[in-house]
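**Student:** Residue numbers (the numbering used here), protein chains in the order written: chain A, 111 to 384; chain B, 111 to 384. For every residue, glycine included, the Cβ atom is placed at its ideal position computed from N, Cα and C.
Number of protein chains: 2
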Amino acid sequence: MTTGDRCEMPPIPLRSTPIKGFILDITGVLYNSMEGTDGIPIQGSAHAVNRLYSESRVRFLSNESTGTVGHVVGKLGRLGYTGIREEDVITPAPTAAEYCKRNGLRPHLLVHPGIRSVFDGLSQEDPNCVLIGDAEHAFTFKAINTAFRHLMKMKDPLLLSLGCGKFYQRTDGPCIDVGAFAEALKYSSGCRHVVIGKPRGDYFQTALDSMGLAKDEVVMIGDDIVSDVGGAMAFGMRAIQVRTGKWRSEWESHEIKPTLIADDLLSAVKACID
Amino acid sequence: MTTGDRCEMPPIPLRSTPIKGFILDITGVLYNSMEGTDGIPIQGSAHAVNRLYSESRVRFLSNESTGTVGHVVGKLGRLGYTGIREEDVITPAPTAAEYCKRNGLRPHLLVHPGIRSVFDGLSQEDPNCVLIGDAEHAFTFKAINTAFRHLMKMKDPLLLSLGCGKFYQRTDGPCIDVGAFAEALKYSSGCRHVVIGKPRGDYFQTALDSMGLAKDEVVMIGDDIVSDVGGAMAFGMRAIQVRTGKWRSEWESHEIKPTLIADDLLSAVKACID
Numbered sequence: 111m112t113t114g115d116r117c118e119m120p121p122i123p124l125r126s127t128p129i130k131g132f133i134l135d136i137t138g139v140l141y142n143s144m145e146g147t148d149g150i151p152i153q154g155s156a157h158a159v160n161r162l163y164s165e166s167r168v169r170f171l172s173n174e175s176t177g178t179v180g181h182v183v184g185k186l187g188r189l190g191y192t193g194i195r196e197e198d199v200i201t202p203a204p205t206a207a208e209y210c211k212r213n214g215l216r217p218h219l220l221v222h223p224g225i226r227s228v229f230d231g232l233s234q235e236d237p238n239c240v241l242i243g244d245a246e247h248a249f250t251f252k253a254i255n256t257a258f259r260h261l262m263k264m265k266d267p268l269l270l271s272l273g274c275g276k277f278y279q280r281t282d283g284p285c286i287d288v289g290a291f292a293e294a295l296k297y298s299s300g301c302r303h304v305v306i307g308k309p310r311g312d313y314f315q316t317a318l319d320s321m322g323l324a325k326d327e328v329v330m331i332g333d334d335i336v337s338d339v340g341g342a343m344a345f346g347m348r349a350i351q352v353r354t355g356k357w358r359s360e361w362e363s364h365e366i367k368p369t370l371i372a373d374d375l376l377s378a379v380k381a382c383i384d
Numbered sequence: 111m112t113t114g115d116r117c118e119m120p121p122i123p124l125r126s127t128p129i130k131g132f133i134l135d136i137t138g139v140l141y142n143s144m145e146g147t148d149g150i151p152i153q154g155s156a157h158a159v160n161r162l163y164s165e166s167r168v169r170f171l172s173n174e175s176t177g178t179v180g181h182v183v184g185k186l187g188r189l190g191y192t193g194i195r196e197e198d199v200i201t202p203a204p205t206a207a208e209y210c211k212r213n214g215l216r217p218h219l220l221v222h223p224g225i226r227s228v229f230d231g232l233s234q235e236d237p238n239c240v241l242i243g244d245a246e247h248a249f250t251f252k253a254i255n256t257a258f259r260h261l262m263k264m265k266d267p268l269l270l271s272l273g274c275g276k277f278y279q280r281t282d283g284p285c286i287d288v289g290a291f292a293e294a295l296k297y298s299s300g301c302r303h304v305v306i307g308k309p310r311g312d313y314f315q316t317a318l319d320s321m322g323l324a325k326d327e328v329v330m331i332g333d334d335i336v337s338d339v340g341g342a343m344a345f346g347m348r349a350i351q352v353r354t355g356k357w358r359s360e361w362e363s364h365e366i367k368p369t370l371i372a373d374d375l376l377s378a379v380k381a382c383i384d
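(1) How far does the beta strand (DSSP E) with H303/B in it extend, from its first residue to its last?
(2) Looking only at its own chain, which residues have a Cβ that is under 7 Å from the Cβ of V145/A, when we skip the five neighbours before and after it?
(3) By how many angstroms is the C-alpha of V288/B removed from the C-alpha of S143/A?
(4) Could you give the distance in angstroms between the alpha-carbon of I87/A and the alpha-carbon of A156/B?
(5) Quick one, which of G341/B, G184/B, L323/B has its alpha-carbon nearest I331/B's?
(6) So, are the CB atoms of V328/A and L318/A less than 8 Å apart?
(7) Pull up the distance between the alpha-carbon of T313/B and that of T178/B, whole angstroms please.
(8) Once the 5 residues before and after M111/B are set aside, which same chain residues still bring their CB inside 6 Å of it?
(9) From the beta carbon of D236/B, is the nearest beta carbon of chain A less than 8 Å away?
(10) Can you pull out the residues from the segment 290-315 of chain B whose beta carbon lies closer than 9 Å to at least one beta carbon of chain A?
(11) Using alpha carbons as the reference points, say which of G275/B, Q153/B, D148/B, I371/B lies closest to P202/B.
(12) Put G149/B into one of helix, strand or coil per three-state DSSP.
(13) Between the alpha carbons of C382/B and K296/B, how many angstroms are there, rounded?
(14) Would you report the Cα separation of Y163/B and I306/B, rounded to the nearest angstrom?
(15) Would you call the segment 254-268 of chain A in contact with the segment 252-269 of chain B, where contact means no fewer than 3 C-beta pairs closer than 8 Å?
(16) Under 8 Å, do F345/A and G311/A count as touching if we go by C-beta distance?
(17) Since F170/B contacts D198/B with CB under 8 Å, what's their CB separation in whole angstroms?
(18) Using beta carbons (cut-off 8 Å, strictly below), is D287/B in contact with chain A?
(19) Here's the rule: buried if 16 or more other CB atoms are within 10 angstroms of the residue's CB, otherwise exposed. What is Q315/B?
(20) How is the alpha helix (DSSP H) around Q315/A delimited, first residue to last?
(21) Measuring straight from C-alpha to C-alpha, what distance separates E365/A and L272/B?
(22) Is the distance from the Cβ of I350/A to the Cβ of A324/A below 8 Å?
(23) Against chain A, with Cβ distances strictly below 8 Å, would P267/B count as a contact?
(24) How long is the line joining the alpha carbons of E196/A and V182/B, rounded to whole angstroms?
(25) What does P284/B touch in chain A if you count any residue whose Cβ is under 8 Å from its own?
(26) Does M111/A have its Cβ less than 8 Å from a Cβ in chain B?
(27) For F364/A, decide whether its Cβ has a neighbour in chain B, counting only Cβ atoms nearer than 8 Å.
(28) Would you mind working out which of D384/B, G355/B, D373/B, S320/B sits nearest I133/B, comparing C-alpha positions?
(29) Return no unless some Cβ of chain A is closer than 8 Å to the Cβ of N255/B.
(30) Can you list, in chain order, the residues of its chain with a C-beta nearer than 7 Å to that of V228/B? Leave out the 5 residues immediately preceding and following it.
(31) Please decide whether H222/A counts as near chain B, where near means a Cβ-Cβ distance under 8 Å.
(32) Sort N238/A, V304/A, M343/A, F291/A by Cα distance to T250/A and report the nearest one.
(33) Strictly by DSSP, which residues pair up with H218/A?
(34) Under 8 Å, Cβ to Cβ, is there at least one residue of chain B near K104/A?
(35) So what does DSSP say about S271/A, is it helix, strand or coil?
(36) Taking H247/A as the query, report the chain B residues whose CB atoms sit under 9 Å from its CB, ordered along the chain.
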């Protein structure tokens, strides 16, 4: 594929303004997923994370919706990322629970059993929205149809989804992600759809706020060209695409042009702070 | 909802040219679905079908993909539709098998167990397309993900779907249909999508050919505003929407304007031939 005479210059050069902080995606950047295990760490990433903790500010912004923040941090610890603190990790489920509370929403949950507890404080009777995460094997026909029927009963059907990922990469191959099931429900019910998580700007803002930094002081590093890179750049941040995780070589000519494409997290970090 | 100053006149008046034949949808027109049973016949429809067989020409054009034609005709017989012949019933699975054969396609099947046998004559090794029907409970996460992975491996990923229905109506409520799962796979894989069945014009043409009639001599009667009515009218036929099956009152102001909206099949037939 040729991009013809399209300008390929990145909109914001990497070193245009001083880099004071980093927002990192987790899966595909720190480790690769492997079914039935915690996954496999990506070489150099632990070293990169240690450098960021000692020389910069760093937050971890994930669309992971199969486990709680505690579960994510526990897994990272077992994979050798021993210094990551729970307060530095942001996942969409708590953000969604807060969103429901603020907007008087009573969600019908179509989520992974691992995150159900996050929504314990919310009324789920007489649902006025459906909340969908990466339910994985809980995506049965019956569960999808039940969610659909709830939407069909609502006067103004509303679907919240924890991210809108197309797929995630496991060592044995790509896996279809929550965004696909959100599209299915939208198609059949005609519902409104609100994404909680990347690529939404306010989700990046949450990470910026927790660092006390502005969007032009921070670089996003991720493996998803749409959720990580596209979301951050549309929000006005610089963003580095890594060639690990779900990376596809055809993305070299993707319509989204990252600030930089780096081989892995360590290379990305070096390009920013060496 | 108001349609403002939009013209609501039907494009082709019902009696504009002589009506020589009828194409009928089956589910929601002849009977309503009920889980675990053959369904419940819709009052008056058997009488209407008998009149059409004695006074006109008639074909049954369905997007049903959970059973073979033999299975459909057997069920209709048990519901009191004893005169319907297999050769008068068209379902998309045999059409899809023929399409695959003609185009050198080796489908990976994500279909209901009830129609697998229709594809027995086709090679399914090293698939170069995915073929999806209303798999119902066979829509497991694993099966959907397997289909997705096949698409991701193809150079020019192609999805065939047996119809693209949003939902079908059962007596206990609406059920999400194959179109939703096709959208899910499209979203995540970026595949091409070819629909076999309504609302495609060539599917209506199959029914016309088997009657030896032209499109302006035939009226379509169905309960799906998009697949039945929209498809037939876009193809240049007259089409009657019935208020049975999946009918929704909000469709009174749908952007697709049927030639006529009738309470049920019997009313529709009377409006045409009395």
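**Tutor:** According to the structure data:
(1) Position 193 of the second sequence holds residue 303/B. H303/B -> beta strand (DSSP E) spans 302-306.
(2) Working through the first sequence from its first residue, we reach residue 145/A at position 35. Sequence inspection shows Glu at residue 145/A; the Val mentioned does not correspond to that position. Hits under 7 Å: R280, D282.
(3) Here residue 143/A refers to the residue found at position 33 when the first sequence is read from its first residue. Here residue 288/B refers to the residue found at position 178 when the second sequence is read from its first residue. Each residue's alpha carbon lies about 30 Å from the other.
(4) The structure shown does not extend to residue 87/A, since chain A is modelled only from 111 through 384, so no value can be given for it.
(5) Position 221 of the second sequence holds residue 331/B. Nearest C-alpha to I331/B: G341/B.
(6) Within the first sequence, numbered from 1, the residue matching residue 328/A stands at position 218. Within the first sequence, numbered from 1, the residue matching residue 318/A stands at position 208. Cβ atoms of V328/A and L318/A: closer than 8 Å.
(7) Numbered from its first residue, the second sequence carries residue 313/B at position 203. Numbered from its first residue, the second sequence carries residue 178/B at position 68. The question names Thr, but residue 313/B is Tyr in the sequence shown. Distance between the alpha carbons of Y313/B and T178/B: 17 Å.
(8) Position 1 of the second sequence, counted from the first residue, corresponds to residue 111/B. Since pLDDT at M111/B reaches only 36, below the 50 mark, its modelled position is unreliable, and no value is offered.
(9) Locating residue 236/B in the second sequence gives position 126, where the first residue counts as 1. Closer than 8 Å: no.
(10) A290, F291, A292, E293, A294, L295, K296, Y297, S298, S299, G300
(11) Taking the first residue of the second sequence as position 1, residue 202/B is located at position 92. P202/B has its Cα closest to that of G275/B, out of G275/B, Q153/B, D148/B, I371/B.
(12) Counting from one through the second sequence, the residue named residue 149/B turns up at place 39. Correct three-state label for G149/B: coil.
(13) Counting from one through the second sequence, the residue named residue 382/B turns up at place 272. Counting from one through the second sequence, the residue named residue 296/B turns up at place 186. When rounded, the distance between both Cα atoms is 40 Å.
(14) By one-based count along the second sequence, residue 163/B stands at place 53. By one-based count along the second sequence, residue 306/B stands at place 196. Roughly 27 Å separates the two Cα atoms.
(15) no
(16) To locate residue 345/A, count along the first sequence from 1; it is residue 235. To locate residue 311/A, count along the first sequence from 1; it is residue 201. Taking 8 Å as the Cβ cut-off, F345/A and G311/A qualify as a contacting pair.
(17) Position 60 of the second sequence, counted from the start, is the residue given in the question as residue 170/B. Position 88 of the second sequence, counted from the start, is the residue given in the question as residue 198/B. Their Cβ separation, rounded to whole angstroms, is 6 Å, which keeps F170/B and D198/B in contact under 8 Å.
(18) Numbered from its first residue, the second sequence carries residue 287/B at position 177. Judged by the 8 Å Cβ criterion, D287/B is in contact with chain A.
(19) Numbered from its first residue, the second sequence carries residue 315/B at position 205. Result: exposed.
(20) Taking the first residue of the first sequence as 1, we reach residue 315/A at position 205. Here the alpha helix (DSSP H) through Q315/A covers 311-321.
(21) The residue given as residue 365/A occupies position 255 in the first sequence. The residue given as residue 272/B occupies position 162 in the second sequence. The alpha-carbon atoms of E365/A and L272/B are separated by roughly 32 Å.
(22) Numbered from its first residue, the first sequence carries residue 350/A at position 240. Numbered from its first residue, the first sequence carries residue 324/A at position 214. The answer is no: Cβ separation not under 8 Å.
(23) Here residue 267/B refers to the residue found at position 157 when the second sequence is read from its first residue. Answer no: the Cβ-Cβ gap between P267/B and chain A never drops below 8 Å.
(24) Here residue 196/A is taken as the residue at index 86 of the first sequence, counted from 1. Here residue 182/B is taken as the residue at index 72 of the second sequence, counted from 1. When rounded, the distance between both Cα atoms is 57 Å.
(25) The residue labelled residue 284/B in the question sits at position 174 within the second sequence. Those are F258, R259, M262, listed as they occur along chain A.
(26) By 1-based counting over the first sequence, the position of residue 111/A is 1. Caution is warranted here: a pLDDT of 35 is assigned to M111/A, below 50, making its placement in the model unreliable, and no coordinate value can be reported.
(27) Locating residue 364/A in the first sequence gives position 254, counting from the first residue. Per the sequence shown, residue 364/A should be read as His rather than Phe. Taking Cβ atoms only, chain B never reaches closer than 8 Å to H364/A, which makes this a no.
(28) Your numbering for residue 133/B matches position 23 in the second sequence. Of D384/B, G355/B, D373/B, S320/B, the residue nearest in Cα terms is S320/B.
(29) As a working mapping, residue 255/B is identified with position 145 in the second sequence. It does; some Cβ of chain A falls within 8 Å.
(30) Position 118 of the second sequence, counted from the start, is the residue given in the question as residue 228/B. Only T178, A203, P204, A207 meet the Cβ criterion.
(31) The count along the first sequence starts at 1 and reaches residue 222/A at position 112. False, the Cβ-Cβ gap to chain B never drops below 8 Å.
(32) As a first step, residue 250/A is located in the first sequence; it is residue number 140 there, counting from the start. For the residues N238/A, V304/A, M343/A, F291/A, the minimum Cα distance to T250/A belongs to F291/A.
(33) Counted from its first residue, the first sequence places residue 218/A at position 108. Answer by DSSP bridge pairing, in chain order: V240/A.
(34) Only positions 111 to 384 of chain A appear in the structure, and residue 104/A is not among them; the question remains open.
(35) Numbered from 1 along the first sequence, position 161 holds the residue referred to as residue 271/A. If DSSP states are grouped into helix, strand and coil, S271/A belongs with the strands.
(36) Here residue 247/A corresponds to residue number 137 of the first sequence, with the count starting at 1. Those are T250, F251, K252, listed as they occur along chain B.
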